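**Student:**
Residue numbers (this note's numbering): 30 to 107.
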């Protein structure tokens, strides 16, 4: 199953995340299919940048967003 989830980047105590489409069997920072955006939780407010068309395309194909990515995707669907 394909999931939309976060992969951690950045350095120690300075996290930065990519929002990716990945096989659910792969590890968190392992192989992914496509990069769909970025998420920086340390900015105020948290900065989220998404490729909206690609995210909607993956959701139509049946990809399931993770619990942390779901609020970002909810803004696109509404």
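A virtual CB, placed ideally from N, CA and C, is assigned to each residue, including glycine.
Just so it is clear, the structure is predicted and the values come from calculations on it, not from any experiment.
Among 41, 104 and 31, whose alpha-carbon lies nearest the alpha-carbon of residue 56?
**Tutor:** Position 27 of the chain shown holds residue 56. Here the closest residue by C-alpha is 31.
**Student:** Should residue 98 and residue 34 be called a contact, given that it needs their Cβ atoms to be closer than 8 angstroms?
**Tutor:** If you number the chain shown from 1, residue 98 lands on position 69. If you number the chain shown from 1, residue 34 lands on position 5. Going by C-beta atoms, residue 98 is nearer than 8 angstroms to residue 34.
**Student:** Can you pull the DSSP bridge partners for residue 98?
**Tutor:** Taking the first residue of the chain shown as position 1, residue 98 is located at position 69. Paired residue(s): none; residue 98 is not in a bridge.
**Student:** With DSSP run on the structure shown, which of helix, strand or coil describes residue 105?
**Tutor:** Taking the first residue of the chain shown as 1, we reach residue 105 at position 76. Helix, per DSSP.
**Student:** In whole angstroms, what separates the C-alpha of residue 51 from that of residue 91?
**Tutor:** Reading the chain shown from its first residue, position 22 is the one you call residue 51. Reading the chain shown from its first residue, position 62 is the one you call residue 91. Their Cα atoms are separated by approximately 12 angstroms.
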